[in-house]
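Start counting the first sequence at 959; every next residue gets the next number (the working numbering). Glycine included, C-beta positions come from ideal geometry on N, C-alpha and C. Only a predicted model underlies this, so the values are computations on that prediction, with no experimental measurement involved.
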Amino acid sequence: MEYNPSKIEQKWQEIWHRENAFEPKNSKDLPKKYILSMFPYPSGRIHMGHVRNYTISDAIARYYRQEGFNVLHPVGWDSFGMPAENAAIKHKLHPKKWTYENIDYMRKELASLGLSFSKEREFATSDPLYTKFEQEFIIKMYENGLLYEKKQNVNWCETCHTVLANEQVVEGCCWRCDNEVKQKQMPGYYIKITKYAQELLDDLKNLESGWPKQVLTMQENWIGRSEGLAFNLKLDERSLEKLDHKFDSFDVFTTRPDTIYGVSYTALAPEHEIVKYIVENNLLEQSKIEEIKAMQKVSEKDRALADKEGVSLEIEVLHPLTNEKIPVWVANFVLASYGGGAVMAVPAHDQRDYEFASKYNLPIKEVISNPNSNLQKEAFTESGVLVNSGEFNGLKSQKAKKAIIYHFEQNSLGKKEINYKLRDWGISRQRYWGAPIPFVHCDSCGLVPEKIENLPITLPDDVEITGEGNPLDTHPSFKVCKCPKCGKEARRETDTMDTFVQSSWYFLRYCTPNDKNKPFEKEDIDYWMSVDQYVGGIEHAILHLLYARFFTKALRDLGYIDIDEPFENLLTQGMVLKDGAKMSKSKGNTVDPDALISEYGADTARLFTLFAAPPVKELEWNDSAVEGAFKFIRRFVDRADHVNSKDLPEFDHSLLSKDEKNARKKVYEALKKSKDIYETRTFTFNTVIAACMEALNALNAQKNSDVWSEGYYILLHVLEPIIPHTCWELSDKLFDRKNLKPIKILEEVFVDDTITLAITINGKKRDEIEVDKSLSKDEILSLAKDKASKWLEDKEIIKEIYVPNKLINLVAK
RNA sequence: GCGGACGUGGUGAAAUUGGUAGACACGCCAGACUUAGGAUCUGGUGCCUAACGGUGUGAAGGUUCAAGUCCUUUCGUCCGCACCA
């Protein structure tokens, strides 16, 4: 039979579309699988990363459909976001037009890959209906104390003209354009993700069996829980006066209360209120004031790279246990955003404090004793036995921590505290192409949420995108509105939401995609959620995957749904590389999926992507291997002529020749392997494809047409998730599609009359022996010794090991 | 610095509980068919050696009848976080 990919692919894509072949059934009694790939941003064209992503999830979805599950495998569009505005500026196109045209084009591209998506559940997050429910969530969050507005320092990207969340700042630069991020005081809306810090951390344990360890660790680090002692340092008399009694103390946090007797100075962040007061009121000599001002101007990123430096503030605090006077400094390494912006410094037992103390000749006082400690050279930061620590001397670090915290709590000097690195999620963006934040500013009522019945607040179409400022802010009428509370003239909020808000709940909406009155039906969520298999790139390990986990928990607490975690199993696929580098336009090493499909067909693209590497690993592009994938399909199709039966033939296995038996064995091995990779969720399609190739090679080595028919029946079944067009075409022609349903593994084909054993001497393989399976262990050993006699001359056998079906090991001296 | 993942041929990669290392491909070599072939088919292909044989999973030890797999040490690569008190 001849292989004509473009003809059969077009044919089946049309049939699938016409028959709406992949819509899940309405019945909620069937066992279900929810298979999801991270939805695409409609950038204009799909790339090889998409091909890989969707091919993997499509194969999984198709497998479970064969196995009789009700499968939800939806796709949609993450369609708000900046590229639409950039394109608008560049091509003078409205972002909406650009976005929806891209969606139409990319939908066709995805269809050309033969992806088995649900047709009726597709939506774009920029659809007004989606915005409506999202705005409703935001208002509910506000009403339940999960969202607040606040003016504070934000990450500002000048190139993108917008605020960024902490998660979107990569090494001090914008995650999108790589421009340096500046700090700027601005009002903004924040979602209280920190309220869920502990739950987000604790529930990682429930994901251990289904998520890659790497992702769990990254989330754990990002949440960054640490436990310690928070206490107050009081200023001494002289310092109180110096600061005009405006301050009397400040708070610090430490994870090492056992080192508290080693405090020899304390340090404040340059942004600390006390530092600001000193600078504003010129309470130090001019040169020092200038130095502090210079420090304040340095960005967080540059500070991280700079040497440690500081200025003595010429004030002192009292040590809470010894009452000794301790100098207060301002230091560039103290972060304003963590632990109150102030630290107690223990140079002997903290490397950072040590460097600072060495530079400014501050005392280094040992309070943890350990033979490995060498304070002449560096700080000793591990645990040990307390010395120079008053009543706590002699205690080991672990016990001392508890005892000192207890002492502080008993004497009301401080308390045990848990700190997180996780910050609240700033969702304000000063951009046009996003979901408007549904709030109104009223001079009488302050910040007022829009009424639910007025939602959605939609974007005006008549805007000019210039890249300068927010078009909503300068729009003639968008801002003008009435206060939902008192009815007076008011101003509508012009900030739009971070696009990560949309991707935080889209997987829930697929469960009830078309309801105009509510975001989702509880019954639908109960049935379909959680996602059984989520597939996407590792780059979302923190951003999207953390936000989506949070949103699920928040919507649960708002009464919408009843689940704790959205994604039961997660597969993070590797990148697609060419010439050792990630494919990118700027490097010019991209492969165009459309061109690939028109040259070889979608099935070849799919086969190559799944065969060249296991999904979690990087995939190195290789043109001749693509050619190889194509040739395999062609060879496979060519052999269809050997099939002579419309059904699965029956056999008396014992009457077959050796080659025929071997062919059947290889075929069933492929079937077994296939079940195995889905059930263990390794999804190593490469091994299944290899097993199919072996099976085809083995079929080729014999001529029995019944064996061919059976082999073909099964191989089409195994390969259908991988190369669906080819398999539907042949299955339809040869077997009336009867083989696209579960097939029983016949164990009889794995049993041979004879077994081949390796003969190893002292663990080294020397020979092989084929024996009748009915022979006893002693008979086999004796045959093996004869066969390997050459290796046993002048030697004494001191031990004989027989591993059934595997090998014989003779230990000889 | 902290945390995680991983080191197997020329290349991509296989290898249940420890049990014949390199399956399956790509590439390469040889042959057949052919006007031709970048088509197809057949055979070969870890390294060293003419061969017998030796050797081989980053390195060094260890456990074991037997180690890619388990343990210890070490080197290297990649990724994430990073002055988090």
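- CA-to-CA, the gap between Ser1341 and Thr1120 works out to about 45 Å.
- Met1176 sits close to Ile1500, with the two beta carbons spaced by under 8 Å.
- Looking from the CA of Phe1189, the closest CA among Phe1566, Ala1583, Gly1298, Asn1111 belongs to Gly1298.
- Residue environment analysis places Gln1093 among the buried positions, since at least 16 neighbouring C-beta atoms fall within 10 angstroms of its C-beta.
- Ranked by how close their Cα comes to the Cα of Leu1174, the residues Asn1527, Lys1702, Phe1693, Ile1717 have Asn1527 in first place.
- Using a 10 angstroms sphere on the CB of Pro1053, the tally of other CB atoms reaches 16 or more, which defines it as buried.
- In its chain, beyond the 5 residues on either side, Leu1528 have a beta carbon closer than 6 Å to the beta carbon of Trp1169.
- With contacts defined as CB atoms closer than 8 Å, Ser1542 and Val1601 fail to qualify as a contacting pair.
- Distances from the alpha-carbon of Ile1703 to those of Lys1630, Asn1239, His1675 put Lys1630 closest.
- DSSP lists Thr1530 as the beta-bridge partner residues of Gly1494.
- For the set Lys1536, Arg1639, Phe1569, the Cα lying nearest the Cα of Gly1546 is the one of Lys1536.
- In this structure, Arg1020 lies away from Pro1607, with their beta-carbon atoms at least 8 Å apart.
- When only Cα atoms are considered, Val1345 and Cys1403 end up about 60 Å apart.
- Look at Val1595 here: in three-state DSSP terms it is helix.
- Pairwise C-beta distances place the region 1415–1431 in contact with the region 1039–1054, as three or more of them are shorter than 8 Å.
- With fewer than 16 neighbouring CB atoms inside 10 Å of its own CB, His1049 falls in the exposed class.
- Straight through space, the alpha carbons of Ser1488 and Pro1524 are spaced by roughly 5 Å.
- Taking every protein chain shown into account, the CB of Phe1338 has 16 or more other CB atoms within 10 angstroms, so this residue is buried.
- In this chain, the beta strand (DSSP E) harbouring Leu1271 covers 1268–1276.
- Contact check for Leu1674 and Ser1689: beta-carbon distance about 5 Å, within the 8 Å limit, so the pair qualifies.
- The C-beta distance from Pro1278 to Tyr1223 rounds to 15 Å, too long to fall under 8 Å, and the pair is not in contact.
- Rounded to the nearest whole angstrom, the CA to CA distance from Cys1685 to Asp1484 is 34 Å.
- Under the Cβ criterion (8 Å, minimum of three pairs), the region 1379–1387 counts as touching the region 1112–1127.
- Proximity of the region 967–980 to the region 1074–1083 meets the contact definition, three or more beta-carbon pairs being nearer than 8 Å.
- Here Lys1251 has Val1237 as same chain residues with Cβ atoms under 7 Å from its own Cβ, once five neighbours each way along the sequence are excluded.
- Taken through DSSP and simplified to helix, strand or coil, Thr1280 comes out as coil.
- Inter-segment contact for the region 1227–1245 and the region 1322–1335 is absent: fewer than three beta-carbon pairs are separated by less than 8 Å.
- Under the Cβ criterion (8 Å, minimum of three pairs), the region 1703–1717 counts as touching the region 1740–1757.
- When secondary structure is reduced to three states using DSSP, Pro1394 falls in the strand class.
- Ranked by Cα distance from Val1574, the first of Gln1531, Ala1361, Ser1615 is Gln1531.
- Looking from the CA of Leu994, the closest CA among Leu1513, Tyr1464, Ser1615, Ala1653 belongs to Tyr1464.
- Under the Cβ criterion (8 Å, minimum of three pairs), the region 1620–1629 counts as touching the region 1640–1655.
- Taking the Cα positions, Thr1510 is about 12 Å away from Glu1157.
- Annotated three-state conformation of Glu1340 is coil, per DSSP.
- When C-beta atoms of the region 1449–1457 are compared with those of the region 1021–1033, fewer than three pairs fall below 8 Å, so the two segments do not count as touching.
- Minimum Cα-Cα distance from Tyr1012 among the listed residues Lys990, Gly1002, Leu1768, Leu1068 corresponds to Leu1068.
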